[in-house]
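Undergrad: To convert, take the position in the sequence shown, counting from 1, and add 156; that gives my numbering. Following this message is one structure expressed as structure tokens.
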Amino acid sequence: MTQGNLQQELKKKQPFTSLEQEAILNILRTSDVFHNQFGRLFREYGLTPSQYNVLRILRGEGKPMPSLEIASRMVQVVPAITGLLDRLQAQDLIKRNRCTEDRRVVYIQITPKALKLLKKIDEPDLCLHRKLVGHLSSDELTELSRLLEKARAALTAANQN
Numbered sequence: 157m158t159q160g161n162l163q164q165e166l167k168k169k170q171p172f173t174s175l176e177q178e179a180i181l182n183i184l185r186t187s188d189v190f191h192n193q194f195g196r197l198f199r200e201y202g203l204t205p206s207q208y209n210v211l212r213i214l215r216g217e218g219k220p221m222p223s224l225e226i227a228s229r230m231v232q233v234v235p236a237i238t239g240l241l242d243r244l245q246a247q248d249l250i251k252r253n254r255c256t257e258d259r260r261v262v263y264i265q266i267t268p269k270a271l272k273l274l275k276k277i278d279e280p281d282l283c284l285h286r287k288l289v290g291h292l293s294s295d296e297l298t299e300l301s302r303l304l305e306k307a308r309a310a311l312t313a314a315n316q317n
């Protein structure tokens, strides 16, 4: 078997123990590279990737949402959603409103300032997506998504048993 690109990138002398190991490490390496690229982009606008994710969720929903619902929709799990929301509120990008029926529930609303900021980020964000995977054909992108979803589905099914 020939040495793969990842093995060369990592300067790994021995072959991977299994194809599964090589595939997982490829996913993790790619995720890290992509995450760094998006982190740089969002930093230009004073945001972290998680803060951007919250704002995108709120804009997409189009109405205030409970904070725990936002947390459940995040691309990456955030252990401290309250701290994340505190930082967004300090930047005047969200507003909090406590539910009158259930004081434990806090509704989060996106502000006009945040909507303007997202509008500025939309085009650079789209360009970065194209830069990172635009060289793949639509069939390859569809297959990549299908395979990644299949990998996650197996884990989800195992956790439900």
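Glycine is no exception: its CB is placed at the ideal position from the N, C-alpha and C atoms. This one's a predicted model, so the numbers in the text were calculated from it and none came from an experiment.
1. Going by DSSP, name the residue or residues bridged to Gln265.
2. Tell me whether Met157 sits in a helix, a strand or coil according to DSSP, three-state version.
3. Just mark Ile213 as buried or exposed, buried being the case when its beta carbon has 16 or more other beta carbons within 10 Å.
4. By DSSP, does Pro151 sit in helix, in strand, or in coil?
5. Would you check if the distance between the CB atom of Ser206 and the CB atom of Leu240 is smaller than 8 angstroms?
6. Check whether the region 192-205 and the region 273-293 are in contact - that is, three or more C-beta pairs closer than 8 angstroms.
7. Would DSSP call Pro222 helix, strand or coil?
8. Assign Val210 to one of two classes, buried (16 or more other C-beta atoms within 10 Å of its C-beta) or exposed (fewer than that).
TA: Here's the rundown:
1. Here residue 265 refers to the residue found at position 109 when the sequence shown is read from its first residue. Gln265 is bridged to Lys251.
2. The residue given as residue 157 occupies position 1 in the sequence shown. Its pLDDT being 38, under 50, Met157 is placed unreliably in this model, and the value from its coordinates should be taken loosely. Coil, per DSSP.
3. Working through the sequence shown from its first residue, we reach residue 213 at position 57. Buried is the call here.
4. Because the chain here runs from 157 to 317, residue 151 falls outside it and cannot be looked at.
5. Numbered from its first residue, the sequence shown carries residue 206 at position 50. Numbered from its first residue, the sequence shown carries residue 240 at position 84. A contact, by the Cβ cut-off of 8 angstroms.
6. yes
7. Taking the first residue of the sequence shown as 1, we reach residue 222 at position 66. Correct three-state label for Pro222: strand.
8. Here residue 210 refers to the residue found at position 54 when the sequence shown is read from its first residue. Buried: at least 16 other Cβ atoms inside 10 Å.
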